[in-house]
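Asker:
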Amino acid sequence: MSARAGPGADTVASLTVAERAALCLGSDFWHTAAVERAGIEAITLSDGPHGLRVQPAQGDHVGISGSLPATCFPTASALAATWDVGLIGDVGAAIGLEARAQGVAVVLGPGVNIKRSPLCGRNFEYFSEDPHLSGRLGAALVSGIQSQGVGASVKHFAANNQETDRLRVSADVDERTLREIYLPAFEHVVTAAGPWTVMCAYNRVNGVHASQNRWLLTEVLRDEWGFDGLVVSDWGAVVDRVAALAAGLDLEMPPNLGVSDVAVVDAVASGALEEAVLDTAAGRVLRLVERARARRPAEIDVDAHHALARRAAARGIVLLKNDGDVLPLTAARVCVVGEFARTPRFQGAGSSEVNPTRVDTALDELRRTQPDLTFVPGFDLTDPGRDGALSDEAVTAARDADVVVAFLGLPPEDESEGFDRTHMDLPAAQTTLLDRLLDGPAPVVVVLANGSAVLLTPWHERAAAVLECWLGGQAAGGAVADVLTGVVNPSGRLTETIPLRLQDTPSYLNFPGEEGHVRYGEGVFVGYRAFDAADRPVAYPFGHGLSYTGFDYTDLAIDTAGSVDGDDLVLTARLTVTNTGAVAGREVVQLYVGAPPGRVARPPRELRGFTTVDLAPGDGTAVEFTLGARDLAYWSTAHRRWVVDPGTYRIAVGASSRDIRLTSGVHVDATPPRPRLDGSATLQEWLTDPDGEAALRAAVGTDGDGRPKGILGDVALLRVIGNFPLATLAAFPGLGITHDLVRDVTRPGR
Ligand code: BGC
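When we follow the working numbering, the leftmost residue of the sequence shown carries the number 86, and every step to the right adds one.
#1: Let me know the secondary structure DSSP gives Glu581 once reduced to three states.
#2: Suppose contacts are defined by Cβ-Cβ distances below 9 Å. Is Gly279 in contact with Val227 by that definition?
#3: Between Arg138 and the rest of its own chain, which residues show a CB-CB distance below 8 Å, the 5 nearest in sequence each way excluded?
#4: Tell me whether the segment 379-390 and the segment 412-422 touch, counting them as touching only if at least three CB pairs, one residue from each stretch, are closer than 8 Å.
#5: Over what stretch of residues does the beta strand (DSSP E) that includes Met602 continue unbroken?
#6: Which term fits Pro141, buried or exposed, when burial requires 16 or more other beta carbons within 10 angstroms of its beta carbon?
#7: Roughly how far, in whole angstroms, is the beta-carbon of Gly333 from the beta-carbon of Arg289, given that I think they are within contact range, below 8 Å?
#8: Is the closest heavy atom of ligand 1 to the C-beta of Gly236 under 8 Å?
#9: Tell me the start and end of each unbroken alpha helix (DSSP H) in the segment 740-774 that is at least 4 residues and wholly inside, in chain order.
#10: Using only the alpha-carbon positions, how far apart do Asp839 and Leu222 sit?
#11: For ligand 1, any of its heavy atoms closer than 8 Å to the Cβ of Leu222?
#12: Assuming Leu404 and Leu412 make a contact with CB atoms under 8 Å, what is their CB distance in whole Å?
#13: How many whole angstroms separate the CB atoms of Gly229 and Asp175, which I take to be in contact at a CB cut-off of 8 Å?
#14: At a threshold of 8 Å, does Lys240 count as lining ligand 1 (C-beta to nearest heavy atom)?
#15: With DSSP run on the structure shown, which of helix, strand or coil describes Phe271?
#16: Going by CA-CA distance only, name the one from Asp457, Cys554, Glu126, Asp524 that's closest to Glu546.
#17: Within its chain, find whatever has a CB closer than 8 Å to the CB of Arg89; leave out the 5 residues flanking it on each side and keep chain order.
#18: CB-CB under 7 Å to Ala417, same chain, minus the five flanking residues each way: which ones, in chain order?
#19: Closest to Ile583 by CA distance: which of Asp113, Pro203, Gln187, Gly171 is it?
#20: Is Tyr287 near ligand 1, judged by its Cβ being under 8 Å from some heavy atom?
#21: I want to check one thing, is the minimum distance from the CB of Met509 to the heavy atoms of ligand 1 below 8 Å?
#22: Can you give me the C-alpha to C-alpha distance between Ile822 and Pro810, rounded to a whole angstrom?
#23: Applying the 10 Å Cβ sphere with the 16-neighbour rule, what's the burial state of Met86?
#24: Any heavy atom of ligand 1 closer than 8 Å to the CB of Asp699?
#25: Give the secondary structure of Val729 by DSSP, where H, G and I count as helix, E and B as strand, and everything else as coil.
#26: Enumerate in chain order the residues of its own chain whose CB-to-CB distance from Asp485 is below 7 Å, with the five nearest sequence positions on each side excluded.
#27: My assumption, with CB atoms under 8 Å, is that Val830 sits in contact with Ala815. Please give the rounded CB distance.
#28: Name the two residues that bound the continuous alpha helix (DSSP H) containing Val422.
#29: CA-CA distance, Pro575 and Thr446?
#30: Buried or exposed for Leu820, going by 16 or more other Cβ atoms inside 10 Å?
#31: Could you tell me if the beta carbon of Leu38 falls within a distance shorter than 8 Å of some heavy atom in ligand 1?
#32: Rounded to whole angstroms, what's the CA-CA distance from Ile475 to Val531? Just pull it up for me.
#33: If you check the beta carbons only, do Arg604 and Asn595 fall under 9 Å apart?
#34: Could you tell me how far apart the beta carbons of Phe627 and Leu579 are, in whole angstroms, since I believe they sit closer than 8 Å?
#35: Leaving aside the five residues before and after Glu210 along the sequence, list all residues of the same chain whose C-beta is less than 6 Å from its C-beta, in chain order.
#36: When DSSP labels each residue in this structure, what does Thr542 get in the three-state scheme?
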C-alpha cells in the first residue's frame with residue numbers, strides 16, 4: 086500500500102521530498118519534526134515505561150537530569166509480579182493521564198523483552214522469562230496508556246535480551262525459538278492492544294540490524310500480525326537510514342540531522358529508494374501526529390497516583406517463605422536493619438529513570454504503626470569503610486529484638502541499563518551482616534529490593550521469611566510496610582525462576598556471547614521451561630509466592646469443541662478455587678500445557694493462562710480458562726508454520742510451575758503436516774506418508790512372489806540407510822530406486 090492512498094495521502098503528496106524525509110526523522114531528542122506550512126505540528130515522545138521522564142530542555146538521553154516530576158510507578162519487574170492485568174491497566178491509564186498533563190503524545194514503553202538471563206542489566210524494565218505472561222501484561226499497560234488518547238511504544242523489537250554490546254551484537258536465534266519465545270509477547274501486544282508505535286531494538290537479529298530487518302519490521306510485524314502503527318528506532322539504532330526505511334522503519338530518533346535526511350533525499354533522487362516507501366513512512370508519521378491531536382490536557386491528582394503506586398507495589402511483593410507464620414508482624418520489639426529501609430532503592434538507572442513526585446521510606450511507614458521500633462543501618466551504601474562498625478552495631482541491637490527485619494538489596498551501581506551483571510550475588514557486606522543476624526536469637530525477616538533476581542542460597546534456608554519486593558517505585562516503602570504488618574495480604578508471584586546457582590541458568594554458557602554474536606543455544610528452553618525439562622532443583626520456581634492464607638484447587642474439568650483441522654478448536658478448563666484460611670486473600674491461578682511426545686522437543690509445561698481471584702475466608706469461586714490450537718502448537722521450522730501434533734495434552738493447573746494441584750489429559754486429533762516428498766526427502770519420510778508410500782511401492786513394484794523389490798523388501802537394509810534421501814539412494818545400484826523413478830514419483834500432480 087502506498088501512502089498516496091494511505092493515511093494523510095493528500096498532505097503527504099503536498100510535501101516536497103525533503104519535507105517528507107524530515108518528517109521521518111525527529112527534529113531533536115524528544116520531538117518529531119513540524120512542517121508548519123502544511124499545518125503539521127511536532128509531537129513529544131518520552132520515556133517510559135513505569136513513569137514519565139519529560140526533559141523540557143534538550144535532555145541528557147539517560148538519567149533524570151532536568152526531568153519534570155512524575156509518579157514513579159513500580160518497575161516492570163514489580164508490576165509483573167502482580168500478574169494482575171486490571172491493576173496494570175490502571176497504572177497504564179495513570180501514566181497516560183500524566184502524559185496528557187505533560188504534553189506527551191507517545192510514552193516509550195512497555196518493554197516486553199524476555200528475561201533470557203538473570204544477568205541482563207535491564208531485567209528490571211522487563212516483565213518475565215515467559216512470553217505468554219509478558220504479552221498479557223504488556224498489552225494491559227498499552228491499553229491503559231492508550232485509553233487516555235496517548236500512544237504507547239512497545240519495545241525493543243526484537244531479541245534485545247542483554248546490554249553487552251547492545252548496539253552491535255547479533256542475537257543468533259533459530260526461527261522456532263524466535264516464534265515461540267522472543268516474538269509472542271510483541272505479537273500479543275500488537276494484535277490485542279494495537280500500540281500506536283513499536284520501537285525497534287538496537288541489536289542485530291541473525292546478523293541484520295533490527296532497524297533494517299525487513300523480515301521483522303515488515304513481513305512479521307505488518308504482513309503477519311497486521312500492525313498498522315509506526316515503527317520508531319530505538320535512540321540511535323539506525324545504521325543505514327535508507328536501508329531502514331526500505332525495511333519498514335518509519336521514524337528515526339534522535340535525528341541524525343544533516344546526514345540521514347540528506348541520504349534519504351539522495352536515494353529517492355537516484356532511484357535507490359522508491360519514493361512510495363518514503364511516502365508510506367511519512368504517512369505513518371502524519372497519522373501518529375493526527376492521532377495525538379485528539380488528546381485533551383489533564384490535571385493530575387498526585388496523591389491518588391501515589392496511592393495507586395503503593396497499591397501496585399504491594400501487590401507485586403512476593404512472599405517467598407514464611408516459616409512459623411512469622412509474618413504478618415505481631416512481635417512487640419521489632420528491630421529494622423539495613424540502610425535500604427531509610428534510603429530505598431525503588432527504580433533502575435538509565436532511560437527509564439523517573440524524577441518521583443515523592444518517596445516513601447519503609448522506615449517512616451513502619452514507624453506509623455510501630456513507633457518504638459529500633460533502626461540500625463547495618464551497612465553503608467556509599468562508604469564501605471563503615472560497614473564493619475555498622476554491622477557490629479546491628480548485631481548488638483538485634484539481640485534485644487523479638488524479630489529482626491533486614492532490608493537488603495542491590496546497590497544502584499550493580500544493575501542498570503547499559504551493562505549486564507556478571508554475578509547474581511548480594512554485596513558481601515550485606516550477606517556477612519545477614520549471617521551474623523541469622524546466628525542471633527531472633528527470627529530474621531529479609532526484605533529484598535532488586536530489579537533482577539539475586540541468589541538467596543544458602544542464607545534463605547535460615548531466614549524465617551523472605552519478601553522479594555523488586556524495584557517497587559516511589560511508594561514501595563509504604564507497600565512493604567503494608568505487607569509486613571498484614572494490611573495487605575501478599576499475592577505477588579515470581580515471573581522468573583530464582584535459581585540455586587547462576588551456573589544452572591539455561592543461557593549460562595551462551596551469555597553474553599563473544600565477537601559480536603550471542604548464540605541462543607538453549608533454544609526454547611528458557612527459564613522454567615529449561616529447569617523443568619532438566620528436572621533441575623531451583624531456589625523458588627516460576628509462579629511461586631505465598632499468602633497469609635491458603636487455597637484449595639478442586640474439580641478440574643476440560644471441555645473440547647471444534648477441531649484443530651477445522652481451525653476452530655476450543656478447550657475450556659474449569660475448576661474451583663477456595664480460600665481455606667482465616668483471612669481474605671488473592672490467589673494467582675496458573676494453567677500450564679504439556680504436549681505429548683512428538684517430532685520436536687517440547688518443554689514439559691508452558692504457561693497458557695492465568696487469572697487472579699480475591700476470596701474471603703471459606704469462599705470458593707469458579708475459574709475458567711479458554712485455550713485454542715495455538716496454545717498447543719509449536720513452530721515448525723520445516724513447515725514454517727504453527728503445528729499441533731495429535732495426542733494427549735496435559736492441562737495442569739496450580740500455584741507455580743512446580744506446584745501443580747490438578748492435572749487432566751485431553752486427547753486432541755490433528756492431521757500432521759506432510760513432508761515435502763521429493764528427491765531430498767528420505768526413504769523413511771516417503772514410507773511414513775500414506776500417499777508417498779503407496780506411490781513409491783507402486784513404482785518399485787514386486788517380485789514374482791509379490792514381495793516388494795529392492796530395498797523395500799529388505800527390512801535390515803531399510804533400518805541402516807532408510808534415512809538417506811531418495812535421490813541419494815537412486816545412485817546406489819540394486820536398491821530398486823532409479824533417477825527416473827524419483828522423477829516419476831515426484832512429478833507434480835502424481
Ligand atoms: C533505550 C530506550 C529508550 C530510549 C529513549 C534508549 O537508550 O534503549 O528504551 O526509550 O533510549 O530514552
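Just so it is clear, CB atoms sit at the ideal spot from N, CA and C, and this is done for glycine as well.
These numbers were taken from a predicted model, which means no experiment stands behind them.
Answerer: Put simply:
#1: coil
#2: Less than 9 Å separates the beta-carbon of Gly279 from that of Val227.
#3: Ser131, Asp132, Ile149, Ser152, Ala155, Ser436, Ser437, Glu438, Val439, Asn440
#4: Contact fails: fewer than three Cβ-Cβ distances are below 8 Å.
#5: Met is not the amino acid found at residue 602; the sequence shown has His there. First-last of the beta strand (DSSP E) with His602: 602-604.
#6: exposed
#7: Not quite, the Cβ-Cβ distance comes to about 16 Å (not below 8 Å), so this is no contact.
#8: no
#9: 768-773
#10: Limits of the chain in this structure are 86 at one end and 835 at the other, which puts residue 839 out of reach.
#11: no
#12: 7 Å between Cβ atoms; contact.
#13: 6 Å
#14: yes
#15: helix
#16: Looking at the Cα atoms, Asp524 is the closest of the given residues.
#17: With a pLDDT of only 49 at Arg89, under 50, the local geometry of the prediction cannot be trusted, and the value read off the model is given with reservation. Val97, Ala98, Ala361, Asp364, listed in sequence order.
#18: Closer than 7 Å at Cβ, skipping near neighbours: Asp487.
#19: Pro203
#20: yes
#21: no
#22: Taking the straight line joining both Cα atoms gives about 11 Å.
#23: Model confidence at Met86 stands at a pLDDT of 39, short of 50, so the residue's coordinates are unreliable; what they give is reported in the following sentence. Met86 comes out exposed.
#24: no
#25: coil
#26: Arg418
#27: Not confirmed; about 11 Å, so no contact.
#28: Counting along the chain, Val422 falls outside any alpha helix (DSSP H), though it belongs to the beta strand (DSSP E) covering 419-422.
#29: 19 Å
#30: That one is buried.
#31: With the chain represented from 86 up to 835, any question about residue 38 goes unanswered, as that position is not in the structure.
#32: Per the sequence shown, the amino acid found at residue 475 is Leu instead of Ile. Between Leu475 and Val531, the C-alpha separation is close to 18 Å.
#33: yes
#34: 6 Å
#35: Ala161, Gly196, Ser437
#36: coil
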